[in-house]
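S.K.: Mapping the sequence shown onto full-length UniProt numbering, position 129 (from 1) lands on 129, and the numbers just tick up by one. If you scroll down you'll find the structure; I have some questions about it.
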Amino acid sequence: MTMYAKSFIALDGNGRLTGARTAQAAPYAHYTCHLCGSALRYHPQYDTELPWFEHTDDRLTEHGQQCPYVRPERREIQLIKRLQQFVPDALPVVRKASWHCRQCHHDYYGEQYCTHCQTGGFSIPRTTQEEICEF
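If you want it as structure tokens, here you go:
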């Protein structure tokens with residue numbers, strides 16, 4: 001079973017960024033990932049009021065394989081597998097931080113996914129400007 005991280009924002013049917021809770025009140029027929037453009041499955045969770053979006057195996061775009069919601073960090077997956085012994089529905093969380101892409105030299109904040117290169121493979125955590133200049 002593939003384990004994808006929960007996403008709480010997506011692009012709606014009109015291409016506008018929307019939150020999972022907003023989607024409960026005004027749902028669309030389809031949603032796409034704000035990073036990789038892959039189609040997402042919406043989990044409205046009306047009973048818990050904790051809605052979320054999820055990637056699926058059959059609707060990944062070419063860039064979807066590089067999306068941090070599709071490929072969570074190994075450490076996060078290990079923690080979640082241990083947690084699932086007690087909370088079966090637990091899913092990985094994607095870390096947000098400041099990043100520097102070594103391929104295109106783009107600095108950004110958010111998920112480890114450079115929207116210019118459409119991959120997170122060249123991104124490193126950004127701590128100070130001096131450290132970035134060394135690369």
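Every residue, glycine too, gets a C-beta built ideally from N, C-alpha and C. Please read these numbers as outputs of a predicted model, since none were measured by experiment.
Sort Gly120, Gly13, Val93 by Cα distance to Ala29 and report the nearest one.
M.R.: Within the sequence shown, numbered from 1, the residue matching residue 29 stands at position 29. Cα-wise, what sits closest to Ala29 is Gly13.
S.K.: Is it true that the segment 78-98 meets the segment 39-47, where meeting means three or more beta-carbon pairs spaced less than 8 Å apart?
M.R.: Here the segment 78-98 does not lie against the segment 39-47, with fewer than 3 beta-carbon pairs under 8 Å apart.
S.K.: Taking all protein chains shown into account, decide if residue 217 is buried (16 or more other Cβ within 10 angstroms of its Cβ) or exposed.
M.R.: This structure cannot settle anything about residue 217, because the visible part of the chain is limited to 1 through 135.
S.K.: On the three-state DSSP scale, how would you describe Ala97?
M.R.: Walking along the sequence shown from the start, residue 97 turns up at place 97. Three-state result, Ala97: strand.
S.K.: Under a Cβ-count criterion, where at least 16 other Cβ atoms within 10 Å of its own Cβ denotes burial, should His55 be classed as buried or exposed?
M.R.: Along the sequence shown, read from residue 1 onward, the residue named residue 55 stands at position 55. His55 is buried by the Cβ-count criterion.
S.K.: Spell out the partners DSSP gives Thr119 in its beta bridges.
M.R.: Position 119 of the sequence shown, counted from the first residue, corresponds to residue 119. DSSP, once it has assigned bridges, lists Cys114 as partnering Thr119.
S.K.: I'd like to know whether the C-beta atoms of Pro51 and Arg16 end up nearer to each other than 8 Å.
M.R.: On the sequence shown, residue 51 is found 51 positions in, with the first residue counted as 1. On the sequence shown, residue 16 is found 16 positions in, with the first residue counted as 1. No, the Cβ-Cβ distance between Pro51 and Arg16 is not below 8 Å.
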